[in-house]
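Under this note's numbering, the residue at position 315 of the sequence shown is numbered 399, and the numbers go up by one with no gaps. All C-beta atoms, glycine included, are put in the ideal place defined by N, C-alpha and C. Written out below as structure tokens is the structure these notes cover.
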Amino acid sequence: MWRIHRKFTAKCVRLFGATKSVGPKTKKLEELIMKEVLDCTKSIQKTSDTETLGIDPLSHLQHNLGSIMCQLVFGKSWPKDDETWLWLQHLQEVGTKAIGVAGPLNFLPFLRHIPKYNKVMTFLLDGKHKTHKVYQKLIEEQQAKIDLTKPDFVPENIIQAFLLEMKSTTDIEYFSNEQFYHLLADVFGAGLDTTLSTLRWYILYMAAYPDFQKEIQKELDGLLHDRLPTVEDLPSLPITRASLAEIQRIRPVVPVGIPHATTDNIELFGFNIPKGAMILPLQWAIHMDPKVWKHPNEYNPYRFIDEEGRFFRPKEFIPFQTGKRMCIGDELANILLFLFGATILQKFKISPPADSEVDLEGEIGITLTPKPVKLVFTCRSECW
Ligand code: HEM
């Protein structure tokens, strides 16, 4: 099952233009992303004008990053104050924390009888049923818009692609309604929470490390002058790229990895691991290993810059994990992080409010997220 769904979703992501080489589809994706990036920076500026003691950019980032994921997955997005959208965001936020709390149930299923875990599971299952009802409506909306019998039909979002697959596949069990709902939830969840948390960490670290912030802004100004960043700019901006990589090293959003299981008995480094054992690939241990990274707790983008000043990736850097189940959204994530991160730094100086320090400790659910924060966003020039 997972192989077929993985192949299907990876194909969709490529179809949306999230690839290493930049073609017309990537430019279309860039256009969609930049529209939301600019809406986001405008909202940050607007709220900053009224809140002189600083703002938490979370709601703006969540709305605009979420709108991109919604368009790619569901084929539509909602206004900021729409009830369905607010509910989906709330469920995503609280659900991610709840999945973290429910984690021990993977190892000790009997815990579900304890009220604390029972409550969390009831919340998660209730949320799942309600979300599936919303998804059904979204599927019907897309169904009404498209004609799958047209030979030149090209899907524009995951719902349309799944409907096309349902029509043409012989593997009906893999493309059933139930699987449809789960796939939509998985891609939306996997894509939004991870990129959102990474961007929040990035903004926070920029406030905590003003000298690096200035250096990145100097690099951006030197190449872009007054124009906005594009995906083609990425290779010419090694410090910016390294600063984004370093945030993914020091604050990996899935620090304990996603649980996997052995398919057979194996021996690894003298340890016997039985078939069916749960394996947690501890990303944190790899990204914080002092044998690989000097002073691992220090934020230092220069770990990703070689002697010639070019960006390079040490093999121990695995923010998207590695192997057969590696993230399939890595290219999309890199494009999102770069366009959001570079534009925000181009437009704002980010700093903590006067007489306060930046809290770099996080909160752990299934992902590692920053705590609520207030930051001051000062327009760097005549931005708009
Ligand atoms: C900074 C952003 C992101 C990070 C750090 C991240 C990280 C990860 C990690 C660590 C995994 C687990 C790999 C494993 O099980 O070994 C994963 C899986 C996955 N990611 Fe991402 N991800 C990001 C963005 C995205 C985006 C934008 C999408 C949207 C398409 C996405 C879709 C997926 C999917 C579908 C899987 C499951 C793959 C499978 O089970 O075979 N991710 N991601």
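Reduced DSSP category for residue i - H, G, I as helix; E, B as strand; rest coil
{"i": "Val271", "result": "helix"}
{"i": "Thr462", "result": "strand"}
{"i": "Glu115", "result": "helix"}
{"i": "Ile139", "result": "strand"}
{"i": "Gly360", "result": "coil"}
{"i": "Ala94", "result": "helix"}
{"i": "Leu189", "result": "helix"}
{"i": "Glu445", "result": "coil"}
{"i": "Ile300", "result": "helix"}
{"i": "Ser132", "result": "helix"}
{"i": "Ile287", "result": "helix"}
{"i": "Ser435", "result": "strand"}
{"i": "His309", "result": "coil"}
{"i": "Phe477", "result": "No answer is possible for residue 477: the residues shown for the chain start at 85 and end at 468."}
{"i": "His266", "result": "helix"}
{"i": "His89", "result": "helix"}
{"i": "His147", "result": "helix"}
{"i": "Ala38", "result": "It is not possible to answer for residue 38, since the shown part of the chain is limited to 85 through 468."}
{"i": "Phe401", "result": "coil"}
{"i": "His174", "result": "helix"}
For residue i, the first and last residue of its enclosing alpha helix (DSSP H)
{"i": "Phe422", "result": "Asp414 to Lys431"}
{"i": "Pro454", "result": "Looking at the DSSP string, Pro454 is not in any alpha helix (DSSP H); the run it does join, the beta strand (DSSP E), is Leu452 to Pro454."}
{"i": "Ile370", "result": "Gln367 to His371"}
{"i": "Arg325", "result": "Pro322 to Ile334"}
{"i": "Met250", "result": "Ile242 to Ser252"}
{"i": "Gly393", "result": "Looking at the DSSP string, Gly393 is not in any alpha helix (DSSP H), and its letter there is neither H nor E."}
{"i": "Gln227", "result": "Pro199 to Lys229"}
C-beta contact flag for residue i and residue j at 8 angstroms
{"i": "Phe246", "j": "Phe264", "result": "yes"}
{"i": "Ser419", "j": "Leu99", "result": "According to the sequence as given, residue 419 is Ile; it is not Ser. No, the pair does not count as a contact, with Cβ atoms beyond the cut-off."}
{"i": "Ile88", "j": "Tyr258", "result": "yes"}
{"i": "Gly150", "j": "Glu240", "result": "no"}
{"i": "Ala326", "j": "Pro385", "result": "yes"}
{"i": "Ile363", "j": "Thr346", "result": "yes"}
{"i": "Leu145", "j": "Arg335", "result": "no"}
{"i": "Gln297", "j": "Leu429", "result": "yes"}
{"i": "Leu268", "j": "Ile242", "result": "yes"}
{"i": "Ala329", "j": "Phe388", "result": "yes"}
{"i": "Gln301", "j": "Gly341", "result": "no"}
{"i": "Ile128", "j": "Phe461", "result": "yes"}
{"i": "Thr427", "j": "Thr125", "result": "yes"}
{"i": "Phe432", "j": "Cys463", "result": "yes"}
{"i": "Leu232", "j": "Lys212", "result": "no"}
{"i": "Val337", "j": "Leu452", "result": "yes"}
Element boundaries [beta strand (DSSP E), containing residue i]
{"i": "Leu352", "result": "Ile350 to Leu352"}
Any non-hydrogen atom of the ligand MN within 7 angstroms of residue i CB
{"i": "Thr93", "result": "Absence of the ligand MN from the depicted structure is noted, with the ligand HEM being the only ligands included."}
Next on the checklist: Pairs of beta-carbons, one from the stretch 392-403 and one from the stretch 365-372, closer than 8 angstroms: are there three or more?
Outcome noted: yes
Next on the checklist: With a threshold of 8 angstroms, are at least 3 pairs of Cβ atoms found where one atom belongs to the stretch 406-423 and the other to the stretch 308-322?
Outcome noted: yes
Checklist entry - Do the stretch 440-448 and the stretch 116-129 meet, that is, are 3 or more Cβ pairs less than 8 angstroms apart? => result no
Checklist entry - Quick check: the stretch 193-203 against the stretch 213-220, are there 3 or more CB pairs under 8 angstroms? => result Here the stretch 193-203 makes no contact with the stretch 213-220; the two share fewer than three CB pairs at distances below 8 angstroms.
Next on the checklist: Three Cβ pairs or more, each shorter than 8 angstroms: is that satisfied between the stretch 146-161 and the stretch 128-138?
Outcome noted: no
Checklist entry - How do the stretch 314-324 and the stretch 452-460 stand: do at least 3 beta-carbon pairs fall below 8 angstroms, yes or no? => result no
Checklist entry - Is the stretch 261-278 in contact with the stretch 300-310, if contact means three or more CB pairs nearer than 8 angstroms? => result no
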